[in-house]
Amino acid sequence: MQSFLQQIRGIFNRKKKETVPFKILFAEFKKSLELNNQVLDIIADANDKLSGDYIFDEQYIQSTCMELTDLIRQLIVTINHLTEQKYSELYTSFHLIEEEIESLLQGQMLNQVKDLILPYASVTRDLTDSVGGKNAHIAEIGTLTDLRIPEGFAITTAAFLFFLQENELYDWIFTIRKQWRQKVIPVEEASQKIQRAILDATVPPQLEEVILDAAAQISKGYRDIVPCFAVRSSALGEDEISSFAGQYLSCLNIPVKEIPQAYKEVVASLFSPEAMEYRLQMDFRPHEIMMAVACQLMVPAKASGVMYTYDPVRPEMETMIINSAWGLGEPIVAGEVPTDAFVLDRQPPNDVREMQIVRKDQSMVLRGCGGIGIDGVEEEQRTESSLTKRQLQELARIGVRLERYFKRPQDIEFAVDQQERVIVLQSRQLRLQHERAPRACDLTGLGDKYSIIFRGRGIAAMEGIATGEAWVMREGGDLKDFPMGGILVARHATPQLARVINRATGFITDVGSTTGHLATVAREFRVPALFNTENGTEL
Numbered sequence: 014m015q016s017f018l019q020q021i022r023g024i025f026n027r028k029k030k031e032t033v034p035f036k037i038l039f040a041e042f043k044k045s046l047e048l049n050n051q052v053l054d055i056i057a058d059a060n061d062k063l064s065g066d067y068i069f070d071e072q073y074i075q076s077t078c079m080e081l082t083d084l085i086r087q088l089i090v091t092i093n094h095l096t097e098q099k100y101s102e103l104y105t106s107f108h109l110i111e112e113e114i115e116s117l118l119q120g121q122m123l124n125q126v127k128d129l130i131l132p133y134a135s136v137t138r139d140l141t142d143s144v145g146g147k148n149a150h151i152a153e154i155g156t157l158t159d160l161r162i163p164e165g166f167a168i169t170t171a172a173f174l175f176f177l178q179e180n181e182l183y184d185w186i187f188t189i190r191k192q193w194r195q196k197v198i199p200v201e202e203a204s205q206k207i208q209r210a211i212l213d214a215t216v217p218p219q220l221e222e223v224i225l226d227a228a229a230q231i232s233k234g235y236r237d238i239v240p241c242f243a244v245r246s247s248a249l250g251e252d253e254i255s256s257f258a259g260q261y262l263s264c265l266n267i268p269v270k271e272i273p274q275a276y277k278e279v280v281a282s283l284f285s286p287e288a289m290e291y292r293l294q295m296d297f298r299p300h301e302i303m304m305a306v307a308c309q310l311m312v313p314a315k316a317s318g319v320m321y322t323y324d325p326v327r328p329e330m331e332t333m334i335i336n337s338a339w340g341l342g343e344p345i346v347a348g349e350v351p352t353d354a355f356v357l358d359r360q361p362p363n364d365v366r367e368m369q370i371v372r373k374d375q376s377m378v379l380r381g382c383g384g385i386g387i388d389g390v391e392e393e394q395r396t397e398s399s400l401t402k403r404q405l406q407e408l409a410r411i412g413v414r415l416e417r418y419f420k421r422p423q424d425i426e427f428a429v430d431q432q433e434r435v436i437v438l439q440s441r442q443l444r445l446q447h448e449r450a451p452r453a454c455d456l457t458g459l460g461d462k463y464s465i466i467f468r469g470r471g472i473a474a475m476e477g478i479a480t481g482e483a484w485v486m487r488e489g490g491d492l493k494d495f496p497m498g499g500i501l502v503a504r505h506a507t508p509q510l511a512r513v514i515n516r517a518t519g520f521i522t523d524v525g526s527t528t529g530h531l532a533t534v535a536r537e538f539r540v541p542a543l544f545n546t547e548n549g550t551e552l
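Residues 14 to 552 in the working numbering are what the sequence shown lists, from first letter to last.
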C-alpha cells in the first residue's frame with residue numbers, strides 16, 4: 014500500500030495534459046461556422062427549388078446530396094476536434110443517414126412498415142412509402158389539426174405485396190407489363206389480363222381479417238346508423254410527384270363486409286389502360302408501381318366541391334377558386350356536372366369577388382348503405398347556391414390553414430354534411446402556372462382570314478394556343494382512333510380523356526371546371542384546355 018507521501022509525489026510527477034493552442038482552436042471554430050453556413054445555403058437553395066418555381070433534374074439532387082454529405086462530414090470532424098471527440102456518436106448517425114439517402118437515390122423505398130393496415134391516428138407523412146400520399150396527408154390533417162376529416166385507416170403497400178405474392182401474381186404481372194412495354198401486346202390486352210387476374214384472386218384470410226376488424230372498430234361508434242365506407246386509391250406517387258388525378262378507382266358507400274372486394278377493384282385500377290399509359294409518360298420505375306388504399310367513413314354529403322387556394326392559371330390575382338354542387342363530389346371532379354363557381358379574395362375577410370350559380374338538375378346521393386344513385390334536385394334548389402356565405406368563408410380559412418401547414422398551395426376536396434359541417438376529404442399540392450409563354454406572333458388578324466366559331470365562352474383550365482384537327486368524341490367512340498396532334502372535343506371533361514394527353518394539342522368540352530381531374534392533368538402536361546363551352550361538340 015502506497016504511503017501518503019508517495020501518493021503526493023505521484024500527483025506532482027503526472028504529465029500535464031497537452032492542450033491545443035488557442036490559435037488552432039480558433040481556426041477550427043471559424044471553419045465550423047463557415048461549413049455550417051455553406052450547409053444552410055445549400056438547404057435554402059433546395060427549399061427554393063421545392064417551391065415549384067424552378068425546374069430541376071435528378072442530376073441536381075445527386076450533386077446537392079454529394080455536396081451536403083461532404084460538408085457535413087467535415088463539420089462533424091471539426092466539431093469533434095474542438096470538443097476532444099465529445100460528439101463521436103455523430104459519426105454513427107451520419108453514416109446511417111447517408112445510407113438512407115443513398116438508398117433513396119437508387120429508388121429504394123424507405124419507411125415501409127410490415128403492418129397490413131394502419132389506423133389514421135398512427136399515420137404521418139414519414140410513412141408515405143407505406144400508405145401513399147393521399148392517406149398520409151389526410152391522416153396528418155386529422156391528427157395534427159382540429160379540422161374535420163372522415164374516420165379511416167390505410168391498407169398499406171405491405172398488404173398490396175402480400176396480396177399479390179399469396180396469389181402468385183407479382184412476377185406474372187410484370188411479365189405482362191414487359192410484353193406491353195416491348196409492344197408485343199397492346200395496352201388494352203395487358204390491362205384486361207392483369208385486371209381480370211386481380212379481380213379473380215382471393216384476398217388472403219389474414220388480410221381480410223385485419224381489414225374487417227379495422228372497419229368494425231370504427232363502426233362501433235355509430236349505433237344509430239349502419240356505417241359504410243369509401244374505398245379509395247392511395248398509390249405511391251399519387252398526389253406527390255405526379256397527380257394521377259382521376260386515373261384510379263374509388264368505390265363509394267361500401268358495406269363493411271364488402272370492403273375486401275372493393276379493395277381488389279381499387280388495386281386492379283392500378284393497371285387500367287389510362288393509369289399504365291400515364292405512368293409510361295411520367296417514367297415510373299417498376300418498383301414504384303404499388304397501391305395502398307384508403308378506407309374512410311362515408312360522408313352523407315349535402316354538397317361537395319373542390320377548392321384551390323390559388324388560381325393555378327393566374328396566381329398573381331391572389332384569389333381562391335371554389336367549385337361546388339349538390340350531393341356527392343365524384344361527378345364534380347369527373348367533370349360530369351355543371352358546378353357553382355366562386356372566386357374569393359385570399360385576404361381576410363375573404364370577400365367573394367365573382368360568383369356564378371348554375372342550374373343543377375341532378376345530384377349523386379347515397380342509397381342507404383351499399384349503393385349510390387342519381388336523383389333529381391328539388392326544384393327550388395336547382396338555381397340556389399350550393400354553398401352559403403358562411404361556408405365559403407370557413408372554406409377559405411381552412412384553405413389558408415392547410416396551405417400554411419403544408420407550406421404549398423393546396424388542391425382540397427371537401428364535403429358539407431347534413432349538419433352543415435365542412436369536412437376535408439383530401440388535400441394535395443396545387444401546381445401553379447407561374448409564367449405565361451410570350452406571344453410568338455400577332456394573332457389579331459386571324460379573324461379576318463377565318464370564321465370564328467365562338468368567342469367569350471368557356472373557362473380556360475390551361476391557357477395556351479393549340480392548332481390541330483378537331484376530333485369529336487361521340488357516344489361509343491374509341492380513343493384509340495384519336496389522331497396525333499388533334500384537339501379532343503368531348504361532352505364531359507372526364508379523367509379518361511387523359512389517356513391521349515401525349516397525342517393531344519388541346520381539349521375542348523361542353524361541361525367541366527378548372528378544378529376537375531382532367532384540368533389537373535392538362536396543367537401537369539401543359540396542354541391547353543377550354544372547358545364548360547356548353548355546346549362545343551355541336552359546332
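For glycine and all other residues, C-beta sits at the position ideal for the given N, C-alpha and C. For clarity, every value in this text was computed on a predicted model and none was experimentally measured.
{"Item": "Nearest-angstrom beta carbon gap, P313 and Q431 [assumed within contact, 8 angstroms]", "Value": "6 angstroms"}
{"Item": "Distance, R444 Cα to R536 Cα", "Value": "8 angstroms"}
{"Item": "Own chain residues within Cβ distance below 8 angstroms of Q360, not counting five before or after", "Value": "E331"}
{"Item": "R190 to A57 span [Cα, whole Å]", "Value": "41 angstroms"}
{"Item": "Distance, G348 Cα to E301 Cα", "Value": "29 angstroms"}
{"Item": "Chain D contact for D491 (CB, 8 angstroms cutoff)", "Value": "Absent from the structure: chain D. Only one protein chain is present."}
{"Item": "P163, buried or exposed, once every other Cβ within 10 Å from all chains shown has been counted against 16", "Value": "buried"}
{"Item": "Sub-8 angstroms separation of E407 and V435 beta-carbons", "Value": "yes"}
{"Item": "Cα-Cα separation, I198 to V326", "Value": "39 angstroms"}
{"Item": "Minimum C-alpha distance to R194 - residue among R292, F69, I151", "Value": "R292"}
{"Item": "Buried or exposed (CB count within 10 angstroms, at least 16 for buried), Y235", "Value": "exposed"}
{"Item": "Candidates V502, S285, R539, of which the one nearest E201 by Cα", "Value": "S285"}
{"Item": "Beta-carbon proximity list for G525, same chain, < 6 angstroms, skipping 5 on both sides", "Value": "G348, A506, F544, N545"}
{"Item": "Nearest-angstrom Cα separation, counted from K196 out to Q375", "Value": "43 angstroms"}
{"Item": "Cβ distance (whole Å) where L220 is taken to contact L357 below 8 angstroms", "Value": "With 8 angstroms as the limit, L220 and L357 do not qualify as a contact, their Cβ atoms being about 44 angstroms apart."}
{"Item": "Close Cβ partners of E551 (< 7 angstroms) along its chain, the five nearest in sequence each way excluded", "Value": "none"}
{"Item": "Simplified DSSP assignment, three categories, for L84", "Value": "helix"}
{"Item": "Nearest candidate by alpha-carbon position, reference L405, set A210, G318, A171", "Value": "G318"}
{"Item": "Per DSSP, cross-strand counterpart(s) of Q375", "Value": "G389"}
{"Item": "Separation of R441 from S337, as counted between CA atoms", "Value": "18 angstroms"}
{"Item": "For M304: DSSP bridge partner residues", "Value": "A248"}
{"Item": "Cβ contact (3+ pairs, closer than 8 angstroms) linking the region 266-277 and the region 491-505", "Value": "no"}
{"Item": "Delimiting residues of the alpha helix (DSSP H) encompassing D523", "Value": "It is not in any alpha helix (DSSP H) - D523 instead sits in the beta strand (DSSP E) that spans 519-524."}
{"Item": "Spatially closest choice to F173 from G145, H150, I151, K315, by CA coordinates", "Value": "G145"}
{"Item": "Secondary structure, alpha helix (DSSP H): runs of 4+ residues fully inside the region 182-263", "Value": "183-194, 200-213, 218-232"}
{"Item": "Member of I85, K62, P496 whose CA lies at the smallest distance from the CA of I74", "Value": "K62"}
{"Item": "Span separating the alpha-carbon of A228 from that of S247", "Value": "17 angstroms"}
{"Item": "Integer Cβ distance of T528 from I334, believed to fall under 8 angstroms", "Value": "6 angstroms"}
{"Item": "Whole-angstrom distance between I151 and T518, CA atom to CA atom", "Value": "35 angstroms"}
{"Item": "Coarse secondary structure for A338, derived from DSSP in three states", "Value": "strand"}
{"Item": "Close Cβ partners of T91 (< 7 angstroms) along its chain, the five nearest in sequence each way excluded", "Value": "E41, K44, S45, L48"}
{"Item": "Continuous beta strand (DSSP E) stretch holding D353: start and end", "Value": "353-358"}
{"Item": "Helix, strand or coil at T507 [DSSP, three-state]", "Value": "coil"}
{"Item": "contact_flag[the region 387-401, the region 272-290] where n(CB pairs < 8 angstroms) is 3 or more", "Value": "no"}
{"Item": "CA-to-CA distance, M368 to A354, given in whole angstroms", "Value": "6 angstroms"}
{"Item": "Three-state secondary structure assigned by DSSP to G489", "Value": "coil"}
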